[in-house]
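> Sharing a structure here in structure tokens format.
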Amino acid sequence: MSIENATILSNSDRWPLMIDPQLQGIKWIKQKYGDILKVIRLGSKGYLEILEKALAKGSTVLIENISENVDPVLDSLLGRNLIKKGRAIKIGDKEVEYNHKFRLILHTKLANPHYKPEMQAQTTLINFTVTRDGLEDQLLAEVVKAERPDLEELKADLTKQQNDFKIMLKRLEDDLLSRLSSAGGNILGDTALVENLETTKKTAAEIEEKVTEAKVTSKEIDEAREHYRPAAARASLLYFILNDLNTINPIYQFSLKAFSVVFQKAISKADAADEVPARVRNLIDCISFSVFQYTTRGLFECDKLIFMSQMTFQVNITEDQANDNTITLRYQNLNLFLYFSKILLINEEITPAELDFLLRFPIKPHVTSPVDFLTNLAWGGICSLASKDEFRNLDRDIETSSKRWKKLIESECPEKEKFPQEWKNKTALQRLCMMRALRPDRMTYAMTDFIEEKLGARYVENRTMEFAKSFEETSPSTPIFFILSPGVNPLKDVEALGKQLGYSADNGNFYNVSLGQGQEVVAEAAMDKAASSGHWVILQNIHLVKKWLPALEKKLEFYSEGSHDNYRVFMSAEPAATASAHIIPQGILESSIKITNEPPTGMQANIHKALDNFTQETLEMCGKEAEFKVILFSLCYFHAVVAERRKFGPQGWNKIYPFNVGDLNISVSVLYNYLEANTKVPWEDLRYLFGEIMYGGHITDDWDRRTCITYLEELMQPDLVDGELFLAPGFAAPPNTDYAGYHAYIDEAMPPESPYLYGLHPNAEIGFLTTTSENLFRTVFEMQPRDAGSGSGTTVTREDKVKQVLDEIMEKLPEEFNMAEIMGKVEERTPYVIVAFQECERMNYLTGEIKRSLKELDLGMKGELTITSDMEDLENSLFLDQVPVVWASRAYPSLLGLTGWFVDLLLRLRELETWSADFVLPISVWLAGFFNPQSLLTAIMQSTARKNELPLDKMCLHCDVTKKQKDDFSAGPREGAYVHGIFMEGARWDVQQSIIMESKLKELYPQMPVINIRRFIFLCPNKHITNGRTMRQLMSIVGLFVGILAATRFTPVRFFARMRSHVHLDMT
């Protein structure tokens, strides 16, 4: 802990306010003051009475865990507004005697609190947040204490001896000065003074000699201790990686106290070794894997790869700055530096600059790919790579050796293939950069291989830790917290383990409380009894009792000490959908062992999971056994399909629906009842009940409901019983067999995992994997240390990067449109002219805010303005290549990063400048370039209505899809307008036949030709623009329909189950 912090806290005139997220400061305070310290919490029972007594007696009071807002009743105490000549103070309506020995200490666990100015003026804010170097020193002491207790004991003794020497010297100096000041005129005649001076001199010399010897000994001890520093450095790094996981999901909270327990256990589990370097490597290995296991069991599957990637990057990144600062400067010893390099396995392959490039991955816009196997977007990435020295001439090599590169790119697993020519000799990180440009959909697999190469195979095996092992780590102070997922009940594991250990409801020592509807009282009573008797308590769905959660946190903390050794608490809660909706207190999460339980992924695992809900007795319970068995199996397949389609995003389902095992069980019960009550299988009734009620009851979107029914029409038909139906390509309905036979049939006959099993095109998986990898790199980039790269000579600092982006935007952004001048040169305000005015005004509204906020930030960075929270948010967005929220709120929908978004903005500005120059409607209008595309469609109707003198309310629009692109037109249409910038997803437009066809492989977003809009026509049934808006919302933006069934040869079943095409505006 910081000596400076302790000094400030002990001597501050104002009340100290400790910012202490890791609870290190409060631990020291309680140790320092002991039993005389009064610890209270605002809002707890009787806290004001304790405070009043302390004020009168002059005691020291610690108010812990305060929030950003403090009870107003304490305002007079915080401001020390004394009355009656300083002898009393007012607490609420009560006058309390004030003892001047009274001391108040405030404490908060918030890492970045925002207190009101008056609060900051009344208190002294002291930051006790642990730093990486500080934690490293603490953990080093723990390692040495475990490995070399003699060294640590000697170090402690020397430190105490040195402090005693300093105190003794100070006393001697004070005594001598006191005697000198009280001596008479003749100092030399004062025999006692002279003798005392000689004694002091002699004692000081002896102390100085001992101090010198102690320094030599201390240096030798420090050098011996430093051999274990790499283990402490690795542990410190891992803790700060854990600490940043709450940026992904606020439910991922880990305390330093819990981390220390994992650290201590890892030290004891590490393999022994005769040599110190070997032992240190074993320690590093065991600490890393123990922390990995401890963390990943509490992460969702989608977040585990993010954590592993960040861990791999940070562990292996070149530690130029760290080594210079923490080794070379601290230890001017070449041998020790070489020792550290050997132990840490310092890896020159990963540099901060290259890692930054991989995570940002800027793409050169508006380039055309010269090869047919790479898209324009991919070629933009290649061009961006080729601008770096390490990848010079990459673009030229791909053009000249296109056959080799095409073979690599089109291979099934390109991440496992060798790159052509000299490119195969690039480092692992450089190969990742190339792979991200060539095959972004394979980056999750490439990252897994990268992690395996750098950390080892056991980090990617994805083995689930047994619940019994996790239970071994629990204690009365360490509960288990289950993070719930739809369709999974993790509490079955608790009940099963409880029965093995003799804890059950029948034995009266197992309490299961489902919270909600006034069950808080029941839960508290159960915890009170369990804590005293050593029973188990399960608290289900604690997220439903928001107001009771603070009381639960206090109760858990209260019973963490002094309870029965066998007392255990298990909690469960659903994670919040957004960070702002998160309500679980930090204290509960930090003190708990977090465990996630998610449904299996993949078709095979899902069918097995669905079938596991039944038994051989279930299969034999119906009179129509053959029909019942095969329909039940088909239902299991259907359940797996609807559950797993969620991962494909909008092409799977337009919304996320909570399909669960209950739906399957009820459907099987309905199936049994209907088969027993009818002589023939009532296929139509079953399809209706399953599709409209059991599963359809969750569905709120009409097109999703139609997709669901389409599946049932394919899977529930007479051919199923006859054994002639294929549930998926290559997967026929199973023959009549027993329960074990169905499980065996799944293992033997199920084709490899692919979108075909879900009735989707392979492009659906490519899109899903690409989105997943983009999210991976974006999240890892946001988790990078704020000061990353600041010490490297080749990497600009964070402030330099922000300043560079700021200056570039300000330089390229043109002047705002002069609306008075523009309006003055128009004689007739036609509907199209009014649309142009509206778009110019909206653009001014956006660009004006961009300039204002950037100028403000520039002044703040120069120190001429105080940095506000809005300026901080803007700075973070510029650094992370994100569109600032304040800009996005005034702009159009977009998913681009800031760089691409600004390029797109300049294109929109250029279009508007061209149009506003003469207000002649462009030959082909970039419909997606509008803030409000609906306004153009309305203008088309208005113009046509005026021209033909028709009533506007009778007008509608018609769309003709042409066979040309925008550059092929030299004049506008006779009627309406040509529009471009529209793409499809899940299907493509065949220009020759003028119909919708199935997508080509790897062509995710084929462009539509120019469309002549004259009246509405339905473009496609299912309906998402790139930012996830539904087609109905798109209608209000675009108003564009095309009759799909009139423009395709596919049957409705084929279309809805397989293609589910979407139309996209090029709003990116």
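Plus 1 on top of the position in the sequence shown (first one is 1) and you've got this note's numbering. Where a beta carbon is used, it is the ideal one built from N, C-alpha and C, also for glycine.
(1) Let me make sure I understand the geometry here. Which of GLU199, PHE483, ASP151 and ALA273 has the alpha-carbon closest to that of ILE589?
(2) Mind listing, in chain order, the continuous beta strand (DSSP E) runs of no fewer than 3 residues lying wholly within the segment 531-619?
(3) Quick check: the segment 117-136 against the segment 91-101, are at least 3 beta-carbon pairs closer than 8 Å?
(4) Based on Cα-Cα distance, which residue from GLY80, TYR48 and PHE129 lies nearest to TRP29?
(5) CYS957 lies in the beta strand (DSSP E); which residues open and close that run?
(6) From ALA531, TRP888 and PHE511, pick the residue whose C-alpha is nearest to that of LEU875; which is it?
(7) Unbroken alpha helix (DSSP H) runs of length 4 or more, entirely within the segment 100-148: which are they?
(8) On the DSSP bridge assignment, give the partners of TRP927 in chain order.
(9) Drop a sphere of 10 angstroms on the beta-carbon of THR109, count the other beta-carbons inside from all chains shown, and report buried for 16 or more, exposed for fewer.
(10) With which residues is GLN1008 paired in a DSSP beta bridge?
(11) Residues in its own chain within less than 7 Å of ILE351 by CB, not counting five upstream and five downstream?
(12) Can you find at least 3 beta carbon pairs, one from the segment 619-626 and one from the segment 704-715, that sit closer than 8 Å?
(13) Provide the residue(s) that pair with THR17 in DSSP beta bridges, ordered along the chain.
(14) Please report the straight-line C-alpha distance between PRO683 and ASN490, rounded to a whole angstrom.
(15) On the three-state DSSP scale, how would you describe VAL489?
(16) Write down the C-beta distance between ARG42 and TYR34 rounded to the nearest angstrom, noting that I regard them as a contact closer than 8 Å.
(17) Which partner residues does ALA733 have in the DSSP bridge list?
(18) Measuring straight from C-alpha to C-alpha, what distance separates LYS407 and THR602?
(19) How long is the line joining the alpha carbons of ILE9 and ILE851, rounded to whole angstroms?
(20) Do you know whose CA, among ARG180, ALA729 and TRP704, lies nearest GLU715's CA?
(21) Go ahead and label VAL1039 buried or exposed: buried means 16 or more other beta carbons lie within 10 angstroms of its beta carbon, across all protein chains shown.
(22) By how many angstroms is the C-alpha of GLN718 removed from the C-alpha of LEU690?
(23) Compute the distance between the beta-carbons of GLY93 and VAL71, then report whether it is under 8 Å.
(24) According to DSSP, is ALA271 part of a helix, a strand, or is it coil?
(25) Around the Cβ of ARG853, are there at least 16 other Cβ atoms within 10 angstroms (buried) or fewer (exposed)?
(26) How about the segment 447-467 and the segment 289-302: do they share at least three Cβ pairs that are nearer than 8 Å?
(27) Check the DSSP bridge columns for ASP686 and list the partner residues they point to.
(28) Quickly, what does DSSP pair VAL97 with across the bridge? List them, please.
(29) In this structure, does DSSP put LYS804 in helix, strand or coil?
(30) What is the rounded straight-line gap between the Cα of GLU842 and the Cα of PHE358?
(31) Output the boundary residues of the beta strand (DSSP E) element that contains ASP991.
(32) If you draw a straight line from the alpha carbon of CYS303 to that of LEU860, how long is it in whole angstroms?
(33) Roughly how many whole angstroms lie between the Cα atoms of HIS228 and PRO278?
(34) If you count every other CB in all the chains shown that lies within 10 Å of the CB of CYS414, and 16 or more means buried, which is it?
(35) Give the secondary structure of VAL62 by DSSP, where H, G and I count as helix, E and B as strand, and everything else as coil.
(36) So the alpha helix (DSSP H) ILE399 belongs to, where does it begin and stop?
Working from what's here:
(1) PHE483
(2) 537-541, 569-574 and 594-597
(3) no
(4) PHE129
(5) Where CYS957 is concerned, there is no enclosing beta strand (DSSP E), given that its DSSP letter is neither H nor E.
(6) TRP888
(7) 118-123 and 133-148
(8) HIS981
(9) buried
(10) PHE984
(11) PHE314, ASN317, ILE318, THR319 and LEU430
(12) no
(13) The residue asked about is misnamed: residue 17 is Pro in this sequence, not Thr. Paired residue(s): THR125.
(14) 33 Å
(15) coil
(16) Wrong, their Cβ atoms sit about 17 Å apart, outside the cutoff.
(17) PHE727
(18) 31 Å
(19) 43 Å
(20) ALA729
(21) Note that VAL1039 scores 38 on pLDDT, short of 50, meaning its location in the model is unreliable; the coordinates nonetheless yield the value given after this. VAL1039 should be labelled buried.
(22) 14 Å
(23) no
(24) coil
(25) exposed
(26) yes
(27) Partner(s): none; ASP686 has no beta bridge.
(28) ILE90
(29) helix
(30) 37 Å
(31) 989-991
(32) 41 Å
(33) 8 Å
(34) exposed
(35) strand
(36) 395-401
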